[in-house]
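Residue numbers (the UniProt record's numbering): 1 to 201.
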């Protein structure tokens, strides 16, 4: 009896192979051939799922964002306290190998997207999605009493998103210089600052 192939599962396996190639060898090394080799399948078989390299890259970028979003949303129910919000935001910081891989590949895609129209549109969509998650976290922080007097949800979301961008960049590119302990400390200090009254309020 022939084996039934789960197309969605196979596409995710291909995306995982793409992330591994990009993280190990750089985004320039991503091709149908290299990804097929990493996924242990033939280039012809890979093209059955993705007819062009552009389709492959766009799918992988969506998959990275979806993985992060699933983890963050899984913590939303526990975000009823400042501690819960902190743990939620830590999912967006490269504190372990999996998150470093996601951040490193995402940054590589962002760079390529500057000259790649298809990826640029996807990148803007992903950025909007992540910014929305951070705003949701700030709304939860306000509800739990973690935003100081005079601080707005919008302002807190913008500063937090900018901080997370910086932590992702440093932690993904220079993990030895910026270990997880340091990244967590910076995030915790930022949240402590948000909990204090805004100067002049």
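Note that beta-carbon positions come from the ideal geometry of N, C-alpha and C, so glycine has one too. Note that this is a predicted model, so its numbers are computed, not measured.
In the structure shown, the three-state DSSP call for residue 95 is coil. Residue 59 sits in a helix when the DSSP states are folded into three classes.
Taking the CA atoms as reference points, residue 127 sits about 22 Å from residue 97.
Shown here, residue 177 sits in coil according to DSSP, grouped into three states, outside any helix or strand.
With respect to the 8 Å criterion, residue 85 and residue 162 are not classified as neighbours on the basis of their beta carbons. By the Cβ neighbour-count rule, residue 19 is buried, with 16 or more other Cβ atoms within 10 Å of its own. Residues of the same chain with a CB within less than 7 Å of the CB of residue 13, apart from the 5 flanking positions on each side, are 39 in chain order. Residue 106 counts as buried, since at least 16 other C-beta atoms from the protein chains shown sit within 10 angstroms of its C-beta.
Taken through DSSP and simplified to helix, strand or coil, residue 151 comes out as coil.
Rounded to the nearest whole angstrom, the CA to CA distance from residue 180 to residue 102 is 15 Å.
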